[in-house]
């Protein structure tokens with residue numbers, strides 16, 4: 001009978017030991033699980049932070065690109081405006097040159113008219129003198 005009792009005690013001891021080992025293992029597994037969950041949370045936070053940083057970089061690039069595009073458009077617009085102003089300036093310059101030429105022509109014509117007028121006056125004087133002489137003779 002001793003064997004039976006000892007065997008029963010041995011089994012009970014084994015069961016207690018087994019339960020203790022199970023509890024110990026469960027405790028260790030729970031600790032490991034908690035540690036893994038903490039690590040997972042940390043990794044998720046790091047990933048979120050990196051994603052946020054990358055998103056901010058992308059936004060900055062988009063802003064930069066938009067500014068560059070705006071700058072290019074502004075440069076093109078300014079270039080077109082400059083070309084338009086240059087064309088207007090050329091047209092005004094041509095108008096002024098034409099006006100100047102017309103003024104020169106007008107001056108030349110006035111001089112010619114004055115000269116012709118003087119010549120005609122001289123001729124008229126000569127004719128008047130001749131007429132007076134003829135009248136005196138008659």
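In UniProt numbering, the protein residues as written are 1 to 138.
Even for Gly, the Cβ is constructed at its ideal location relative to N, Cα and C.
Cβ neighbours of residue i in the same chain (closer than 8 Å, five flanking residues each side left out)
i          : result
residue 96 : none
residue 21 : none
Closer than 8 Å to chain C by CB, residue i
i          : result
residue 63 : In the structure shown, chain C cannot be found, because there is only a single protein chain.
Spatial neighbours of residue i in its chain, beta-carbon cut-off 7 Å, leaving aside the 5 residues before and after
i          : result
residue 54 : none
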